[in-house]
Amino acid sequence: MTGIPQSLPSSFFHFFIFMDLQLNNITHAYGDMTVLDDIDLTVSGGEIICIVGPSGCGKSTLLRLMGGLERPDSGEVLLLGEPPKSSLNPLTYIFQDFALLPWRTVEGNISLALEDHPISKQESRKIIDDVLSRTHLSDFKKAWPRQLSGGMKQRVAIARALAVRPAVMLMDEPLSALDSQTRELLMDDLIDLWMRESFTAIYVTHNLQEAVRFGHRIVVLSRRPGRVREIVKIDKPLSERGADNEELDEVQHYLWRLMRDDARAADRELLNG
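The numbering of the sequence shown is the numbering used here, which starts it at -6 and goes up by one.
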């Protein structure tokens, strides 16, 4: 598979063997309203793709199509390659609203993702302890969601997604409900996690700063019906993408110039119903 980093320890690959996700000529409508039109995209293993675009352009719909929650009206979504033997779900979601059960502790919420799979209690315990450690939550495993900040809740959601050892993570505006300081800290955590244990992700966001910090490639969708306007590649390593970076600022400004007219038109459409 393409995109596999060369600096990872060999022990890592027993749960992250990469798969490619391919979209061919995806078109989708709700009734008479076409939301997405003729989308082609290939996500290589170990790559982070960020999807941006004006409000209502179909970003979240595209993610649902990738994850099989909806079926396209035409075209196909292909997951290429064999998932690792240890993968319990080839695809898994991380949502913006955390989706934690308030009557379960941190470790209880993580274990929920494992309960429908034929694994022993010992193996489940091992997985839970591993993802708690990797997301810096080991000291909070007995805490209840009401005791956690928004950033900690989202960290639990990330740990739960990692527990099923997915081939591809689908992330739908996972930081949008957080304040700016918490968002920066969690973005640093996500980058650190990818640097230590690379994963494949499709990351939908309306925040261009997040996109240039986190994406290897940024897919810019047009206003509805969403079409691929441009795909912008960023070669700078994630480890070198600090919050104050002139090169990233230039990319961010370029993305906004691509989107600006569509964003204004989309806002007018929303205001007019």
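For every residue, glycine included, the Cβ atom is placed at its ideal position computed from N, Cα and C.
Helix, strand or coil: how does DSSP classify residue 98 here?
coil
Any contact of the segment 61 to 77 with the segment 119 to 133, i.e. 3+ C-beta pairs under 8 Å?
no
Using 10 angstroms around the beta-carbon of residue 148, count the other beta-carbons present and answer buried if the total reaches 16, otherwise exposed.
buried
Determine whether the beta carbon atoms of residue 68 and residue 18 lie at a separation below 8 Å.
yes
Touching or not, the segment 26 to 39 and the segment 216 to 231, by the rule of three or more beta carbon pairs under 8 Å?
yes
CA-to-CA distance, residue 241 to residue 185, given in whole angstroms
18 Å
Are residue 175 and residue 208 close, meaning C-beta to C-beta below 8 Å?
Against a cut-off of 8 Å, the Cβ pair of residue 208 and residue 175 comes out as no contact.
In angstroms with no decimal places, state the Cα-to-Cα distance between residue 113 and residue 192.
25 Å
If you draw a straight line from the C-alpha of residue 164 to the C-alpha of residue 87, how long is it?
5 Å
Whole angstroms are fine: how far does the CA of residue 168 sit from the CA of residue 182?
For residue 182 and residue 168, the distance between alpha carbons rounds to 12 Å.
Which same chain residues, not among the five before or five after residue 100, have their C-beta less than 8 Å away from its C-beta?
121, 125, 134, 135
Which partner residues does residue 223 have in the DSSP bridge list?
213
Going by DSSP in three states, residue 60 sits in which element: helix, strand or coil?
helix
Exposed unless 16 or more other CB atoms sit within 10 angstroms - verdict on residue 40
buried
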